[in-house]
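*Asks:* Numbering-wise, our numbering comes out as the position in the sequence shown, counting from 1, plus 5. Note that the Cβ used here is the ideal one computed from N, Cα and C, for glycine as well.
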Amino acid sequence: MEMTKDEMLELGFKFHGHRCPGMPLGLRVAWAAMEKLSVSRAKDGEVVALIETGDAHCAGCFGDGVQVASGCTLGKGNIKKTYYGKIAVTLVSRKDNKAVRAYVLPEFFAKMEQSPFMQQRNSGVQASQVSTDISQPSIDMVMSMPDSAFIGVSDVFDYEMESPVVQFKRVKCSKCGDMVIEKYAHVMDDEIVCQPCLETVHKL
Ligand SMILES: [Zn+2]
Ligand SMILES: [Zn+2]
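#1: Answer yes or no: the CB of Asp-183 versus the heavy atoms of ligand 4, is any distance below 6 Å?
#2: Using beta-carbon positions only, say whether Val-34 and Ser-98 come within less than 7 Å of one another.
#3: With a threshold of 7 Å on Cβ separation, who are the neighbours of Trp-36 within its own chain once the five nearest residues in sequence on each side are excluded?
#4: Just to confirm before moving on: does the CB-CB distance between Gly-50 and Thr-58 stay below 7 Å?
#5: What are the residues that DSSP puts in a beta bridge with Gly-157?
#6: When burial is assigned at 16 or more other CB atoms within 10 Å of the CB, is Arg-175 buried or exposed?
#7: Just mark Ala-154 as buried or exposed, buried being the case when its beta carbon has 16 or more other beta carbons within 10 Å.
#8: With a CB to CB cut of under 7 Å and the five nearest residues on each side skipped, what residues in its chain are close to Lys-100?
#9: Out of Ala-61, Phe-113, Leu-96, Ala-107, point me to the one whose CA is closest to Tyr-88's CA.
#10: For Val-158, which residues of its own chain have a beta-carbon under 7 Å away from its beta-carbon, when the five flanking residues on both sides are left out?
#11: Could you please give the first and the last residue of the uninterrupted alpha helix (DSSP H) stretch that includes Arg-33?
#12: List the residues that DSSP assigns as beta-bridge partners of Arg-175.
#13: Can you find a heavy atom of ligand 1 that lies under 6 Å from the Cβ of Gly-27?
#14: Can you say whether Gly-22 is buried or exposed, counting buried as having 16 or more other CB atoms within 10 angstroms of its CB?
#15: Just grab the DSSP bridge partners of Asp-163 for me.
#16: Rounded to whole angstroms, what's the CA-CA distance from Val-171 to Leu-55? Just pull it up for me.
#17: Quick one: using the 10 Å Cβ neighbour count with 16 as the cut-off for buried, is Met-184 buried or exposed?
#18: Can you check which of these residues, Val-94, Ala-115, Asp-152, is closest to Gly-68 by C-alpha distance?
#19: In the structure shown, what three-state DSSP assignment does Ile-139 receive?
#20: Counting C-beta neighbours from all protein chains within 10 Å, is the total for Ile-32 16 or more, i.e. buried, or is it exposed?
#21: Roughly how many whole angstroms lie between the Cα atoms of Glu-196 and Ser-168?
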């Protein structure tokens, strides 16, 4: 599953759904962090990404680029959002308890805000509706700028993170019959219930 950077760019766009400069921004920042931390794309949960974006804001697409580049994915559970509203990521290597934080420099945002791509977005055009001749120059700019021109990377620092024990055991909810991973199940009146069933009872 080794991929070239070009392949990751294409995979990223397919995964992400549209061609924008935000997703490539995530690739570039994640690559810079990975290089500094000397880690490769996570096959399992050995690398964890803490992305500082929130929901529904500009350049949030960054998070998908981080997932593609770092192999830290929602499914594996080794990516978390901090909701700081920043375009930055802390990458943690569980093997040696080290981390780096990589972030986009302020000057980049000033430059991006002037771009025809952002002007279209600001006037309400959906990213998928922006024509390629407008989006491609912004994408090319993100992909071709040297790291030092727009990415800051911290020194490597210590970061200890609890290693979760992966649970395989499932139990059956006595109310709805769904199978539930044991640690998410509850006991109510000596019976096993899932979270939604527990909440339903409490609302009554
Ligand atoms: Zn996007
Ligand atoms: Zn249930």
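*Replies:* Taking the structure as given:
#1: The ligand content of the structure shown is limited to ligand 1 and ligand 2, which means ligand 4 is not among them.
#2: no
#3: Ala-74
#4: no
#5: Tyr-108
#6: exposed
#7: exposed
#8: Glu-51
#9: Ala-61
#10: Ala-37, Ala-38, Lys-41, Val-105, Ala-107
#11: 27-42
#12: Ile-186
#13: yes
#14: exposed
#15: Lys-103
#16: 19 Å
#17: exposed
#18: Val-94
#19: helix
#20: Reading the sequence as shown, one finds Leu at residue 32 and not Ile. Looking at its Cβ environment, which holds 16 or more other Cβ atoms inside 10 Å, Leu-32 is buried.
#21: 30 Å
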